[in-house]
Amino acid sequence: MLHGGPLRIWSALTDPDHRRAWSPLVFLDDPSRLGDTECTFAIQGITRPIRTPARIDRFDKPHAFAWSCGIPYLFTLEERYELAGDDGGTRLTHSCTLRGALSLPFAAMMLRRLRSLMVESDDRLATYLRWRVGQPARAINRQRVPFRYRRKAR
63 MLHGGPLRIW
73 SALTDPDHRR
83 AWSPLVFLDD
93 PSRLGDTECT
103 FAIQGITRPI
113 RTPARIDRFD
123 KPHAFAWSCG
133 IPYLFTLEER
143 YELAGDDGGT
153 RLTHSCTLRG
163 ALSLPFAAMM
173 LRRLRSLMVE
183 SDDRLATYLR
193 WRVGQPARAI
203 NRQRVPFRYR
213 RKAR
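Heads up: the sequence shown runs through residues 63 to 216, numbered per this note's numbering.
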């Protein structure tokens with residue numbers, strides 16, 4: 063369960079600027095529409111990020127978002143987010159699926175790491191959403207007082 067309505071969480075999942083703020087592993091070039099795109103994996107221990115073609119498979123605003131990458135029938139990774147709720151809170155279901163002939167050997171090697179990356183990603187998303195909700199709305203024409211003058215005003 064996350065604080066905020068489905069549309070707020072949807073924008074954090076699909077807007078590239080919001081996604082960059084919390085996504086630890088994968089950066090999608092254009093997650094805002096169905097179809098082909100590119101993704102970049104930022105993996106610890108590898109100095110250069112890995113770029114690969116990707117595809118946005120499901121884009122059902124604000125209920126489901128799914129993308130996949132890999133070689134069909136050989137090895138594909140699919141990440142899916144499903145949202146349900148109202149403005150009081152949203153239940154987010156996050157899942158990753160490995161498919162294809164090589165998915166079983168790869169899954170055996172990377173299952174623990176994939177699970178820890180998903181937990182890290184979910185924690186970063188929840189922290190980012192709490193931060194966004196906690197930010198006060200700034201009024202129009204409001205003058206910002208520099209910090210050094212605030213103490214004197216007290």
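Cβ atoms here follow ideal geometry from the backbone N, Cα and C, with glycine treated the same way. Predicted, not measured: the structure shown is a model, and the values here were computed from it.
| query | result |
| --- | --- |
| If we ignore side chains and look at the alpha-carbon of each, how far apart do His156 and Asp122 end up? | 15 Å |
| Give the straight-line distance between the Cα atoms of Leu69 and Ser130, rounded to the nearest whole angstrom. | 22 Å |
| Tell me the DSSP bridge mates of Arg153? | Ala146 |
| Taking C-alpha atoms, which residue in Glu140, Arg175, Pro124 and Thr159 lies nearest to Ser94? | Pro124 |
| Kindly indicate the opening and closing residues of the beta strand (DSSP E) around Ile133. | Ala126 to Ile133 |
| Quick one, which of Glu141, Arg113, Thr109 and Phe127 has its alpha-carbon nearest Asp91's? | Arg113 |
| Do the segment 188-195 and the segment 156-166 make contact, defined as three or more Cβ pairs closer than 8 Å? | no |
| Would you mind stating whether Ala126 and Glu144 have Cβ atoms separated by less than 8 Å? | yes |
| Is the beta carbon of Thr102 less than 8 Å from the beta carbon of Pro111? | yes |
| Could you give the DSSP three-state label for Ile118: helix, strand or coil? | strand |
| Please report the residue range of the alpha helix (DSSP H) in which Asp79 lies. | Pro78 to Trp84 |
| Since Phe89 sits in a beta bridge, which residues does DSSP pair it with? | Thr102 |
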